[in-house]
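Peer 1: Top line first, the protein sequences correspond to chains A and B.
When we follow numbering that gives the first Met the number 0, the leftmost residue of the first sequence carries the number 0, and every step to the right adds one.
When we follow numbering that gives the first Met the number 0, the leftmost residue of the second sequence carries the number 0, and every step to the right adds one.
Glycine included, every Cβ here is placed at the ideal spot set by N, Cα and C.
Number of protein chains: 2
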Amino acid sequence: MKDWEMISSRQNSRVKNLIKLQQKKHRYRQGLFLLEGFNLIETALKAGAKIEELYLSQQLKIDSAEVQSIIARLPAGIEPVILEEDLLKKSATTVNPQGILAVTRINERSLNDIWQLPGPLLLLAEVQDPGNMGTIIRTAAAADLAGLLTVKGSVDIFNPKVVRGSMGGIFSLPLCQSITLQDIKQCLAGDQLKPRRLVAAEPRASQSYYDFTFTTDDIIVIGNEARGFSEEMADLIEQKITIPLPGSMESLNAAVAASLVVFEMLKQFAQN
Amino acid sequence: MKDWEMISSRQNSRVKNLIKLQQKKHRYRQGLFLLEGFNLIETALKAGAKIEELYLSQQLKIDSAEVQSIIARLPAGIEPVILEEDLLKKSATTVNPQGILAVTRINERSLNDIWQLPGPLLLLAEVQDPGNMGTIIRTAAAADLAGLLTVKGSVDIFNPKVVRGSMGGIFSLPLCQSITLQDIKQCLAGDQLKPRRLVAAEPRASQSYYDFTFTTDDIIVIGNEARGFSEEMADLIEQKITIPLPGSMESLNAAVAASLVVFEMLKQFAQN
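#1: Using the beta-carbon of each residue, which ones in chain B are nearer than 7 Å to A141/A?
#2: Just to make sure I have the definition right: I need the residues of chain B whose C-beta is within less than 8 Å of the C-beta of G130/A. Which are they?
#3: If you scan the stretch 13-44 of chain B from start to end, which runs of the alpha helix (DSSP H) of 4 or more residues do you find wholly inside it?
#4: What residues from chain A crowd round L55/B, counting only those whose CB sits closer than 7 Å?
#5: Please say whether P79/A and K88/A have beta carbons closer to each other than 9 Å?
#6: Closer than 9 Å, CB to CB, is F213/A near chain B or not?
#7: Going by DSSP, name the residue or residues bridged to A124/A.
#8: For chain B, is any of its Cβ atoms less than 9 Å away from the one on V255/A?
#9: Beta carbon of A290/A, beta carbon of R104/A: below 9 Å?
#10: Could you check what DSSP says for M248/A in three-state terms: helix, strand or coil?
#11: Quick one: using the 10 Å Cβ neighbour count with 16 as the cut-off for buried, is T134/A buried or exposed?
#12: Of all Cβ atoms in chain A, is any one closer than 9 Å to the Cβ of K279/B?
#13: Sort T92/A, A225/A, I77/A, G36/A by Cα distance to E65/A and report the nearest one.
#14: State yes or no: is the beta carbon of G167/A nearer than 9 Å to at least one beta carbon in chain B?
#15: Compare the Cα-Cα distances from P243/B to each of Q267/B, F211/B, V161/B and report the closest residue.
#16: S250/B to G167/A, Cα distance in whole Å?
#17: Is the shortest distance between the beta-carbon of F37/B and the beta-carbons of chain A less than 9 Å?
#18: Counting Cβ pairs, one atom from each stretch, are 3 or more of them under 8 Å apart for the stretch 100-119 of chain B and the stretch 224-232 of chain B?
#19: Could you tell me whether any Cβ in chain B is nearer than 9 Å to the Cβ of S205/A?
#20: Just the Cα atoms here: how many angstroms apart are E237/B and L100/B?
#21: Taking the Cβ atom as the reference point for each residue, do R196/B and D216/B lie within a distance shorter than 9 Å?
#22: Cβ closer than 8 Å: which chain A residues qualify as neighbours of L265/B?
#23: Tell me which same chain residues have a C-beta within less than 6 Å of the C-beta of N223/B, skipping the five on either side of it?
#24: What would DSSP say about Q181/A, mapped onto helix, strand or coil?
#25: Which chain A residues sit within Cβ distance under 7 Å of S153/B?
#26: Between L20/B and R13/B, which are expected to be in contact by the criterion C-beta below 8 Å, what is the C-beta distance as a whole number of angstroms?
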């Protein structure tokens, strides 16, 4: 293992900081977030993310091609740190972090920046389930949307469960979190900004999502899993569409509804 | 609380059986599964499911309209049982079971029965994430599919996390679990059975899902989240379609992919 640092104490300050990254407050204080397992670290590297720390379990086969290939792509000056298996498991939030953890920098764009990008956006208004948020980011990245915005009160995008669920989509999708409805109003009213309109799926709307004509400047809005949209948010929505449900359920899962609307939009763009 | 039974010991046999329902083996031994919280119990009752046991926390407001309405719909001879809050929490798998648990009977249909029902089916081939399975059942019930089949090796439909994610969809959707590929072959070859074909989304297929013409006898097949289809399963699939992904991701979440295909099919049926 060359002369890499080896940590076996829970009291070590690097380990303390690493474990703190499980909490949102500390992620933002440090400006960093956690990547667990080979797949996510590979995706991050391929997307050009800069790994700032790499932790390997003492029990990991350091000589394997998989590990060596990751080490070879660390930025100059960054060396792996070896952790006792126990400490690595404590630092991870997954049951099976595969003996490898990395830390990379939180990278958000400004609202105005994202607003001006060519192509449609997603706006998540208080989506709170980390699984849903991760899946929606994965869908948005797969659909090559211009970016994703979240309203204050949504789950943190750099929550380890969201990061995992996104399957690395967070690295390719321009993101801006915790904006306010006031911010959105200002963008919608801004002369210097691209004109955009807010479109949302609602159970009681009359127009079906597949009879609606999407534009590349649309912002698809997704509400809270249980409560839908606040009144103030609903007032900002220009177009309401519905996903017809012939069966016995009142609604779909939020990530499913978001994906149906996004992929109907993609299909219209591909066919026109 | 009238003279309902009140349990405060973890050693009580009813409580022991209740806690065992968290494990698949015991669910099938008892033929029962767990419903946690008001929403799920309400949905079960509305769908006509027979509640066999009802547990209320000692801290629950028994006089509330919500609780009384559930008690009023218990089958003759079934009385609520009061549990100490601690015991109720131990018996539940959710963080917040809202002080109410119910037990109802596992209700599966035979493969041949479901095969003959009019309308399309879903076949889940080793879908393993309970969140995905629950979401897919919710989608299938919302789409009013004829039924849902799972191949051996898929997560148990009566797992509490699946039941919750389905939002009660398990009560309206005809279900048959743990069938083998041999069973499917026999149904496909059966003279006495309705002719059906297996259709699956695959990243490398050439035909887009929206250029494909679905029929009401189709069976949409969804593979394992990481491995996709086994070779033997792939051999049974007659039509391969693809969901075009313009962005940086190689695939979509399994529940999202299933929902896109199912709702494209619905749209075609609605438009023809």
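Peer 2: Let me spell this out:
#1: Position 142 of the first sequence holds residue 141/A. Under the 7 Å cutoff, chain B gives L244, G246, M248, L251.
#2: For this step, residue 130/A is matched to residue 131 along the first sequence. For G130/A, the chain B residues whose Cβ falls inside 8 Å of its Cβ are G130, in order along the chain.
#3: List check, alpha helix (DSSP H) in window: 23-29.
#4: Stepping through the second sequence from its first residue, residue 55/B is reached at position 56. Listed along chain A is no residue with a C-beta nearer than 7 Å to that of L55/B; the closest approach is about 23 Å.
#5: Within the first sequence, numbered from 1, the residue matching residue 88/A stands at position 89. Within the first sequence, numbered from 1, the residue matching residue 79/A stands at position 80. Not closer than 9 Å, so no.
#6: What you label residue 213/A is simply residue 214 of the first sequence in a count that begins at 1. It does not: the Cβ of F213/A has no partner Cβ on chain B nearer than 9 Å.
#7: Counting from 1 along the first sequence, the entry for residue 124/A is found at position 125. A124/A is bridged to V150/A.
#8: As a first step, residue 255/A must be located in the first sequence, where it is residue number 256. At least one chain B Cβ lies under 9 Å of V255/A.
#9: Examination of residue 290/A is not possible in this model, given that chain A is present from 0 through 271 alone.
#10: Within the first sequence, residue 248/A is the residue found at index 249, counting from 1. M248/A falls in the coil class under three-state DSSP.
#11: Residue numbering aside, residue 134/A sits at position 135 when the first sequence is read from its first letter. Buried is the call here.
#12: One cannot answer for residue 279/B here, as it falls past the ends of chain B, which runs 0 to 271.
#13: What you label residue 65/A is simply residue 66 of the first sequence in a count that begins at 1. Nearest option by C-alpha distance: G36/A.
#14: In the first sequence, counting from the first residue as 1, residue 167/A sits at position 168. Between G167/A and chain B, the shortest Cβ-Cβ separation is below 9 Å.
#15: Looking up residue 243/B in the second sequence gives position 244. Per the Cα distances, F211/B.
#16: In the second sequence, residue 250/B corresponds to position 251, counting from 1. In the first sequence, residue 167/A corresponds to position 168, counting from 1. Roughly 11 Å between the two C-alpha positions.
#17: As a position in the second sequence, residue 37/B is number 38, starting the count at 1. Nearest CB-CB separation between F37/B and chain A: not below the 9 Å threshold.
#18: Too few Cβ pairs lie closer than 8 Å, so no.
#19: By 1-based counting over the first sequence, the position of residue 205/A is 206. It does not: the Cβ of S205/A has no partner Cβ on chain B nearer than 9 Å.
#20: Your numbering for residue 237/B matches position 238 in the second sequence. Your numbering for residue 100/B matches position 101 in the second sequence. Going by the C-alpha atoms only, they are around 44 Å apart.
#21: The count along the second sequence starts at 1 and reaches residue 196/B at position 197. The count along the second sequence starts at 1 and reaches residue 216/B at position 217. Between R196/B and D216/B, the C-beta spacing is below 9 Å.
#22: Position 266 of the second sequence, counting from 1, holds the residue named residue 265/B. Chain-ordered, the chain A residues with CB closer than 8 Å to the CB of L265/B read P243, P245.
#23: Here residue 223/B refers to the residue found at position 224 when the second sequence is read from its first residue. Counting only Cβ-Cβ distances below 6 Å, and skipping sequence neighbours, we find E125.
#24: For this step, residue 181/A is matched to residue 182 along the first sequence. For Q181/A, the secondary structure class from DSSP, reduced to helix, strand or coil, is helix.
#25: Counted from its first residue, the second sequence places residue 153/B at position 154. Simply none; closest approach about 18 Å.
#26: Counting from 1 along the second sequence, the entry for residue 20/B is found at position 21. Counting from 1 along the second sequence, the entry for residue 13/B is found at position 14. Not confirmed; about 11 Å, so no contact.
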